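Numbering (my numbering), first residue to last: 723 to 964. For each residue, glycine too, the CB sits at the ideal point set by N, CA and C. Small disclaimer: the values here were computed from a predicted structure and weren't measured.
Spelled out as structure tokens, the structure:
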């Protein structure tokens, strides 16, 4: 996967006997950990993963199925969009699909889809990209979000009782959603806390807008993993949050 290639650029892997798929020569690597540029590097890629990163002098004998001359160019870790939404309804499915190669062309190798109204399509794209049948960024998606009854958001699993939460989480697990997204438009605070706790009990990652009637501390106590949007997190800094 492309993001694995990018993430591994800063660590030299052990040499392998098999011929690399790609050899990139004369690259200047952007070392984001050290805040430095590393010129004159040869990088080999095998099976979608960095095999080794060596100075050009040590990489002269390396051969691959494809060779790229990166002289005068930079090689950097892939970018991740950590909060985005595929959506717009059936009439925009193709437009969302058309975005896939544009992400990669612009260096975005992974996206985190925090729920929308095209969940079935996004889950299909995720699996097709992972299988190499579609060009696009690696997708981590929540599938449809959990909300209360009659929410403003489309593409929602509406829940108002613990039993309905259980059924919704069953459905997300069957979809193999990467995490669970909760929003706060109509979701009752007690159901929110139950849902976050139950998802954690099942080993599911959780992401949420936090209802105003609940403190950040209460949500974290139920093992909420991420708070989306600074507006929901900033109240944790107030002495009057509760």
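Proximity of residue i and residue j at Cβ, strictly below 8 Å
{"i": "residue 815", "j": "residue 850", "result": "no"}
{"i": "residue 940", "j": "residue 915", "result": "yes"}
{"i": "residue 907", "j": "residue 874", "result": "yes"}
{"i": "residue 887", "j": "residue 917", "result": "yes"}
{"i": "residue 778", "j": "residue 762", "result": "yes"}
{"i": "residue 800", "j": "residue 832", "result": "yes"}
{"i": "residue 870", "j": "residue 857", "result": "no"}
{"i": "residue 944", "j": "residue 925", "result": "no"}
{"i": "residue 928", "j": "residue 946", "result": "yes"}
{"i": "residue 776", "j": "residue 789", "result": "no"}
{"i": "residue 911", "j": "residue 885", "result": "no"}
{"i": "residue 847", "j": "residue 822", "result": "yes"}
{"i": "residue 835", "j": "residue 861", "result": "yes"}
Outcome for residue i when other beta-carbon atoms lying within 10 angstroms are tallied against a minimum of 16
{"i": "residue 892", "result": "exposed"}
{"i": "residue 904", "result": "buried"}
{"i": "residue 805", "result": "exposed"}
{"i": "residue 758", "result": "exposed"}
{"i": "residue 796", "result": "exposed"}
{"i": "residue 960", "result": "exposed"}
{"i": "residue 863", "result": "buried"}
{"i": "residue 749", "result": "buried"}
{"i": "residue 855", "result": "exposed"}
{"i": "residue 824", "result": "exposed"}
Distance between beta carbons of residue j and residue i, contact taken as under 8 Å
{"i": "residue 853", "j": "residue 877", "result": "Not confirmed; about 24 Å, so no contact."}
{"i": "residue 987", "j": "residue 792", "result": "The structure shown has nothing for residue 987, since the chain only spans 723 to 964."}
{"i": "residue 745", "j": "residue 766", "result": "5 Å"}
{"i": "residue 866", "j": "residue 889", "result": "That pair is no contact at about 13 Å."}
{"i": "residue 830", "j": "residue 859", "result": "5 Å"}
{"i": "residue 897", "j": "residue 819", "result": "That pair is no contact at about 19 Å."}
{"i": "residue 951", "j": "residue 922", "result": "Contact doesn't hold; Cβ gap of about 21 Å is too wide."}
{"i": "residue 938", "j": "residue 958", "result": "4 Å"}
Contact test: residue i Cβ vs the ligand NAP heavy atom, cutoff 7 Å
{"i": "residue 907", "result": "Looking at this structure, you won't find the ligand NAP or any other ligand, since it has none at all."}
Chain C contact for residue i (CB, 8 Å cutoff)
{"i": "residue 817", "result": "Protein chain content of the structure displayed is limited to a single chain, and chain C is not contained in it."}
Touch check for the segment 775-782 and the segment 802-819: three-plus C-beta pairs under 8 Å? no
Continuous beta strand (DSSP E) assignments of at least 3 residues falling wholly in the segment 864-919: 867-869, 878-880 and 902-904
Where in the segment 737-807 do unbroken runs of the beta strand (DSSP E), each at least 3 residues long, occur, reported from the N-terminal end onward? 744-753, 758-768, 771-777, 788-791 and 801-806
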